[in-house]
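> For reference, the structure I am asking about is given below.
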Amino acid sequence: MSLTAAMMMLRMAAVLTACEFFDSLARCLSGKINCLQLFMQGACECMKCWFYLLFIGVMTCCGVLAGCVTSPHMSLFNDESAIPVLVAEQPVDGVEDHSADAGCVILPPQELTAAAETVADTELLTVALTPPQEVGPVVEPEPLFDFPVVENDKVRYLVKRYTGGGRRTFSRWMQRSSRYLPLMRAIFAREGLPQDLAILAMVESGFNSNAHSWANAVGHWQFIESTGRMYGLDNDWWHDERRDVEKATLAAARYLKDLYQRFDGDWYLAVASYNAGPGKISRAIKKYHSRDFWELCRGDYLQDETKNYVPKLLAALLISKQPAKYGFCDLTYEAPLQFDTVVLSEATDLELVAELTGAAYADLKTLNPELKRWCTPPHLHNYRLRVPVGTSAGFAEKYAAVPATERARYKRHQIQSGDTLQHLAKRYRIRTDDIIALNKIRNPRALRIGQNLILPLHRDFSSLPLTELEDDYQRSRRRHYKVRPGDSLWTIARKCDVTEKQLRVWNRLGWSNVIQPGQRLAVSAPSSSRTRKSGVQQKVIYRVQSGDTLWGIGRQFSVQTRDIRQWNALDEDHILHPGDKLTLLVRNGKRS
5 MSLTAAMMML
15 RMAAVLTACE
25 FFDSLARCLS
35 GKINCLQLFM
45 QGACECMKCW
55 FYLLFIGVMT
65 CCGVLAGCVT
75 SPHMSLFNDE
85 SAIPVLVAEQ
95 PVDGVEDHSA
105 DAGCVILPPQ
115 ELTAAAETVA
125 DTELLTVALT
135 PPQEVGPVVE
145 PEPLFDFPVV
155 ENDKVRYLVK
165 RYTGGGRRTF
175 SRWMQRSSRY
185 LPLMRAIFAR
195 EGLPQDLAIL
205 AMVESGFNSN
215 AHSWANAVGH
225 WQFIESTGRM
235 YGLDNDWWHD
245 ERRDVEKATL
255 AAARYLKDLY
265 QRFDGDWYLA
275 VASYNAGPGK
285 ISRAIKKYHS
295 RDFWELCRGD
305 YLQDETKNYV
315 PKLLAALLIS
325 KQPAKYGFCD
335 LTYEAPLQFD
345 TVVLSEATDL
355 ELVAELTGAA
365 YADLKTLNPE
375 LKRWCTPPHL
385 HNYRLRVPVG
395 TSAGFAEKYA
405 AVPATERARY
415 KRHQIQSGDT
425 LQHLAKRYRI
435 RTDDIIALNK
445 IRNPRALRIG
455 QNLILPLHRD
465 FSSLPLTELE
475 DDYQRSRRRH
485 YKVRPGDSLW
495 TIARKCDVTE
505 KQLRVWNRLG
515 WSNVIQPGQR
525 LAVSAPSSSR
535 TRKSGVQQKV
545 IYRVQSGDTL
555 WGIGRQFSVQ
565 TRDIRQWNAL
575 DEDHILHPGD
585 KLTLLVRNGK
595 RS
């Protein structure tokens, strides 16, 4: 007999005894039996109760010995809400339901680098989903939202995903949200949109400004370059405004407003078209003769990503508005984004701004994620730069005192046919040796056309610009597309925002236009980091040699300079000395 069965018998015995006693009491009060009779019956009842207790005690001991091992989660009081639960995160493929009144679900702490967080974000944002085919029962929650929210089986499936296998990553999204949502909600309110719709940025990027999708969509709102330009977001070698939270949120609000008007005030269709494109949703409406988003999802015309897009938003809204209900009660929310602003009349190095304000270079880069390089874009005048709160005082006077020729200490030059180091040195009035030293040039006569050189315009220079010659986007894994009947390379290229030539190269099609339904095509470039980071990561202790720089060491071991600084807790202006030991994490322990 199990412990559960024994306890049920105990409860039944107690109920029966109590019922018999109160029945006798009622008969006494009504005059049907006298007090002596009641007393004798009460004595019998007490003996009967002790007999029951003795019997159940014996059976309980037997149950403990025989069956308690099979019932480890049994609660005597059936009250689990007051007990904190410590659970390990579930695998991505398993979906455990912690979605309704889950109590506190506390996960063990986990330390991740920014790159690792971006990888985890991408996995949850792009994980393959198998929601129910039917909508199922529809429930309209309490009026907590200014956006139309419903609960159905598809939404409940996503809630289970976010509170089960994706809980740790979703917790990070929630903690980041408080940094950006106040600004986003204010912009949406100013543009006349539901403020709760700002949570769509969580579904797009997990509030990660470095997010970079397979389709080259960038930033919190994941704009592709063509759509971003339509709404005023510029992107060039120097800066990418899609990564600026304020500019991108304004662009997203205006884009969503246009989509809402295009689809006659239906927010679900507008949100779906933000993902798939308005043309795709319009064709789906025409194909299925319906303007109901849930009906459109029954067919196979829309991609699964689009079918799951609206349920993702609704699930994120339900959880973010009531985190404690879904077990998110141990969150450490980030402080809202705050900053001062200074105006730079011309291209200016961030190193100079750091010197004049006393702010850290890394903080300036964090507050201005649209800046890809070491300075403000040379072609932009009166650039508004964000600086930490309290550091802008007196900046204008200090900046005005710096000669215009000293505000930009470096210049980027792309090698063209006929260029030589001597010619560049004479043109910019700098020393050839400085160009060689800064750019670590081994053979001055082996310059490549298209190669980028950083020219030090002043004798007091550092290697910092060299660490920012490459973009720091965290790209997601390669994307594939399954060919459908009626598809052609041209239509697939349009859907995936790539060119036909790229499809031919990535899939080795040559000049053939023949593709078959069911064929799997690569529709994004192979990740350049995959080859570089393949293999086993090993720890290497490197002893600094005379003439070494962080940039040169990074090239030797195919690692980023910023990673070397992070692994060894080095400041931006740290000076290496021969004999210093650096810890490096490299693949296969080999040099490049």
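Numbering-wise (the numbering used here), the sequence shown opens with residue 5 and increments by one. Backbone N, C-alpha and C fix where the C-beta goes; we use that ideal spot for every residue, glycine too. Owing to the predicted nature of the structure, the values given are computational and were not obtained by experimental measurement.
1) For Val-207, count the other beta carbons within 10 Å of its own beta carbon; 16 or more makes it buried, fewer makes it exposed. Which is it?
2) Taking only the alpha-carbon atoms, compute the straight-line gap between Ile-557 and Ala-118 and give it to the nearest angstrom.
3) How is the alpha helix (DSSP H) around Thr-4 delimited, first residue to last?
4) Could you name the residues of the same chain whose beta carbon sits closer than 8 Å to that of Leu-360, not counting the 5 residues immediately before and after it, in chain order?
5) What does DSSP give as the partner residues of Lys-585 in its beta bridges?
6) For Tyr-166 versus Tyr-330, is the C-beta spacing smaller than 9 Å?
7) Just the C-alpha distance for Ser-538 and Gln-326, rounded to the nearest angstrom, thanks.
8) Any idea what DSSP makes of Glu-155, helix, strand or coil?
9) With a threshold of 16 other CB atoms inside 10 Å of the CB of His-581, please say whether the residue is buried or exposed.
10) Report the three-state DSSP secondary structure of Gln-570 (helix, strand or coil).
11) Count the other CB atoms, across all protein chains shown, that sit within 10 Å of the CB of Leu-116; report buried if there are 16 or more and exposed otherwise.
12) Would you call Val-142 buried or exposed, if buried means 16 or more other Cβ atoms sit within 10 Å of its Cβ?
13) Put Lys-164 into one of helix, strand or coil per three-state DSSP.
14) Find out if the Cβ-Cβ distance for the pair Lys-486, Gln-523 is shorter than 9 Å.
15) List the DSSP bridge partners of Thr-345.
16) Starting from the C-beta of Thr-565, find all residues in its chain whose C-beta is less than 6 Å away, skip the five residues before and the five after it, and write them out in chain order.
17) Give a yes or no on contact between the stretch 246–255 and the stretch 218–228, applying the rule of three or more CB pairs nearer than 8 Å.
18) Who are Ile-458's beta bridge partners in DSSP?
19) Nearest CA to the CA of Leu-254: which residue from Phe-267, Ala-274, Tyr-292 and Ala-202?
20) Please report the straight-line C-alpha distance between Leu-451 and Ala-441, rounded to a whole angstrom.
21) When you compare each of Val-548, Leu-162 and Leu-375 to Tyr-313 by their alpha carbons, which one comes out closest?
22) For Gln-226, which of His-216, Arg-483, Gln-114 and Tyr-235 has the nearest alpha-carbon?
23) Using three-state DSSP, classify Val-509 as helix, strand or coil.
24) Please go through the stretch 254–318 and give each complete alpha helix (DSSP H) segment of 4 or more residues, from N-terminal end onward.
25) Please return the same chain residues whose Cβ sits closer than 8 Å to the Cβ of Thr-152, not counting the five positions on each side in sequence.
26) Following the continuous beta strand (DSSP E) through Tyr-485, name the residue where it begins and the one where it ends.
27) Quick one, which of Pro-198, Gln-342 and Val-139 has its alpha-carbon nearest Thr-370's?
28) For my contact list, Ala-252 and Leu-237 are in at a C-beta cut-off of 8 Å; report their separation, rounded to the angstrom.
29) Quickly, what does DSSP pair Asn-239 with across the bridge? List them, please.
30) Does the distance from the CB of Leu-354 to the CB of His-417 come in under 9 Å?
31) Quick check: the Cα distance between Ser-533 and Cys-108, rounded to an integer number of angstroms?
32) Considering Leu-428, what are the terminal residues of the beta strand (DSSP E) in which it resides?
33) Alpha carbon to alpha carbon, how far is Arg-171 from Trp-571? Give it in angstroms, no decimals.
34) Within 10 angstroms of its Cβ, does Asp-125 collect 16 or more other Cβ (buried), or is it exposed?
35) What does DSSP give as the partner residue(s) for Cys-379 in the beta ladder?
Reading off the structure:
1) On the sequence shown, position 203 is the one that residue 207 refers to. With 16 or more neighbouring CB atoms inside 10 Å of its own CB, Val-207 falls in the buried class.
2) What you label residue 557 is simply residue 553 of the sequence shown in a count that begins at 1. What you label residue 118 is simply residue 114 of the sequence shown in a count that begins at 1. If you take the alpha carbons of Ile-557 and Ala-118, they lie about 22 Å apart.
3) Since the first residue of the chain shown is 5 and the last is 596, residue 4 is not available in this structure.
4) Residue numbering aside, residue 360 sits at position 356 when the sequence shown is read from its first letter. Answer for Leu-360: Phe-399, Lys-402, Tyr-403 and Val-406, listed in chain order.
5) Reading the sequence shown from its first residue, position 581 is the one you call residue 585. Per the DSSP secondary-structure output, Lys-585 pairs in a beta bridge with Arg-547.
6) On the sequence shown, residue 166 is found 162 positions in, with the first residue counted as 1. On the sequence shown, residue 330 is found 326 positions in, with the first residue counted as 1. Contact flag set, yes.
7) For the purposes of this step, residue 538 is taken as the residue at position 534 of the sequence shown. For the purposes of this step, residue 326 is taken as the residue at position 322 of the sequence shown. Here Ser-538 scores only 40 on pLDDT, less than 50, and its place in the model should not be relied on; the value that follows carries that caveat. Rounded to the nearest whole angstrom, the CA to CA distance from Ser-538 to Gln-326 is 41 Å.
8) Taking the sequence shown and counting its residues from 1, one reaches residue 155 at position 151. Strand.
9) To locate residue 581, count along the sequence shown from 1; it is residue 577. Classification for His-581: exposed.
10) The sequence position of residue 570 within the sequence shown is 566, counting from 1. In the structure shown, the three-state DSSP call for Gln-570 is helix.
11) As a first step, residue 116 must be located in the sequence shown, where it is residue number 112. In this structure Leu-116 is exposed. Its beta-carbon is surrounded by fewer than 16 other beta-carbon atoms within 10 angstroms.
12) The residue you call residue 142 lines up with position 138 of the sequence shown. Here Val-142 is exposed. Its C-beta has fewer than 16 other C-beta atoms within 10 Å.
13) Within the sequence shown, the letter at position 160 stands for residue 164. Judged by DSSP in its simplified three-state form, Lys-164 adopts helix.
14) As a working mapping, residue 486 is identified with position 482 in the sequence shown. As a working mapping, residue 523 is identified with position 519 in the sequence shown. The answer is yes: Cβ separation under 9 Å.
15) Translated into the one-based positions of the sequence shown, residue 345 becomes position 341. Arg-390, per the DSSP bridge assignment.
16) Position 561 of the sequence shown, counted from the first residue, corresponds to residue 565. Excluding sequence positions up to five before and after Thr-565, its CB lies within less than 6 Å of the CB of Thr-471, Leu-554, Trp-555 and Gly-558, all in the same chain and listed in chain order.
17) Flag = yes, the stretch 246–255 and the stretch 218–228 touch.
18) Here residue 458 refers to the residue found at position 454 when the sequence shown is read from its first residue. Answer by DSSP bridge pairing, in chain order: Arg-416.
19) Numbered from 1 along the sequence shown, position 250 holds the residue referred to as residue 254. Sorting Phe-267, Ala-274, Tyr-292 and Ala-202 by C-alpha distance to the C-alpha of Leu-254 places Ala-202 at the top.
20) For this step, residue 451 is matched to residue 447 along the sequence shown. For this step, residue 441 is matched to residue 437 along the sequence shown. Straight-line Cα distance between these residues: approximately 15 Å.
21) Counting from one through the sequence shown, the residue named residue 313 turns up at place 309. Out of Val-548, Leu-162 and Leu-375, Leu-162 has the C-alpha closest to the C-alpha of Tyr-313.
22) Residue numbering aside, residue 226 sits at position 222 when the sequence shown is read from its first letter. Checked all of His-216, Arg-483, Gln-114 and Tyr-235; the closest Cα to Gln-226 is His-216.
23) To locate residue 509, count along the sequence shown from 1; it is residue 505. Three-state DSSP puts Val-509 in a helix.
24) Qualifying alpha helix (DSSP H) stretches, in chain order: 271–280, 282–292, 297–300 and 308–311.
25) In the sequence shown, residue 152 corresponds to position 148, counting from 1. The displayed chain sequence assigns Pro, not Thr, to residue 152. Residues Trp-271 and Tyr-272 of the same chain have their beta carbon placed closer than 8 Å to that of Pro-152, with the five preceding and five following residues left out of the count.
26) Counted from its first residue, the sequence shown places residue 485 at position 481. Taken as a continuous stretch (DSSP letters only), the beta strand (DSSP E) holding Tyr-485 covers 484–486.
27) Residue 370 sits at position 366 when you count from the first residue of the sequence shown. Nearest of Pro-198, Gln-342 and Val-139 to Thr-370, Cα basis: Gln-342.
28) By 1-based counting over the sequence shown, the position of residue 252 is 248. By 1-based counting over the sequence shown, the position of residue 237 is 233. About 6 Å separates the two Cβ atoms, so the contact holds.
29) Numbered from its first residue, the sequence shown carries residue 239 at position 235. Answer is Asp-244.
30) Translated into positions along the sequence shown, residue 354 becomes position 350. Translated into positions along the sequence shown, residue 417 becomes position 413. Taking 9 Å as the cut-off, the beta carbon of Leu-354 is found no closer than this to the beta carbon of His-417.
31) In the sequence shown, the residue the question calls residue 533 occupies position 529. In the sequence shown, the residue the question calls residue 108 occupies position 104. Note that Ser-533 scores a pLDDT of 42, beneath 50, so its modelled location is shaky; the value from the coordinates is reported in the next line. Between Ser-533 and Cys-108, the C-alpha separation is close to 38 Å.
32) Within the sequence shown, numbered from 1, the residue matching residue 428 stands at position 424. Not the beta strand (DSSP E): Leu-428 falls in the alpha helix (DSSP H), residues 425–432.
33) Position 567 of the sequence shown, counted from the start, is the residue given in the question as residue 571. Position 167 of the sequence shown, counted from the start, is the residue given in the question as residue 171. Cα to Cα, the separation comes out at about 28 Å.
34) Here residue 125 refers to the residue found at position 121 of the sequence shown. Label assigned to Asp-125: buried.
35) What you label residue 379 is simply residue 375 of the sequence shown in a count that begins at 1. BP columns for Cys-379 point to Asp-353.
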